[in-house]
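Enquirer: Residue 34 is where the sequence shown starts when you use this note's numbering, and the numbers rise one by one after that.
So that we are looking at the same thing, I have put the structure below in structure tokens.
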Amino acid sequence: MTTPQRLETVRRLQTAMATAYTTMGAWCLLHPPSVLALGFTPTYLAMCNTTTSLFVRCFGAQAMTCGLVLGTSTMTPFSFTAFGVAMVPYLMWNYWFGIGPGRGMVTSLMWMDFVGNVFFGAGSLYCAKLLREQEEEEEDKRKAK
């Protein structure tokens, strides 16, 4: 892959991740009842109240902020790696409430959250790899001169 191709791939993945974060965050912020209804089983949905709705809105605002920062930042290999590693707790959450001890609290749509978290983690690590390759290529060119 050439340097322009690497950079274009990184740009596209970064834009996709930023768009997904911002869009899903906006959904949580603007319409928490639908998020709760799709996300929690009827047993747990019955326990949801205005505080739960507030927490979903706060989560949405944070996700939108993350998406906006991701979409407007110049990411480095280190920052992409850190972002990818930061997905590990989310994957643990997916395990815990999807197939682990917390099973039954969330709906079967949990698989979509898992896929999204894998995309964010793997996409970030792939972008970091591409940027490292680009840096190594530039360093090799400098040494050759």
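Note that CB positions come from ideal geometry on N, CA and C, so glycine has one too.
Since Val139 sits in a beta bridge, which residues does DSSP pair it with?
Expert: Phe73
Enquirer: Reducing DSSP to helix, strand and coil, say where Ala79 ends up.
Expert: coil
Enquirer: Quick check: Thr55 and Ala96, are their CB atoms within less than 9 Å of each other?
Expert: yes
Enquirer: Please check the pair Gly72 and Thr140, which I expect to be a contact at CB under 8 Å, by giving their CB distance rounded to whole angstroms.
Expert: 6 Å
Enquirer: Run the CB neighbour count on Pro65, radius 10 Å, all protein chains shown included, and call it buried at 16 or more, exposed below.
Expert: buried
Enquirer: For Phe92, verify whether its CB is less than 8 Å away from any heavy atom of the ligand COA.
Expert: Ligands displayed in this structure: none; no statement on the ligand COA is therefore possible.
Enquirer: Beta carbon of Arg39, beta carbon of Gln167: below 9 Å?
Expert: A contact, by the Cβ cut-off of 9 Å.
Enquirer: By the three-class DSSP mapping on this structure, what secondary structure does Ala51 have?
Expert: In the three-state reduction of the DSSP assignment, Ala51 falls in the helix class, which pools H, G and I.
Enquirer: Give the single residue among Pro37, Gln47, Thr35 and Trp60 whose Cα lies nearest to the Cα of Gly117.
Expert: Gln47
Enquirer: When you compare each of Arg90, Leu158, Leu101 and Glu171 to Thr42 by their alpha carbons, which one comes out closest?
Expert: The residue with the shortest Cα to Cα distance from Thr42 is Leu158.
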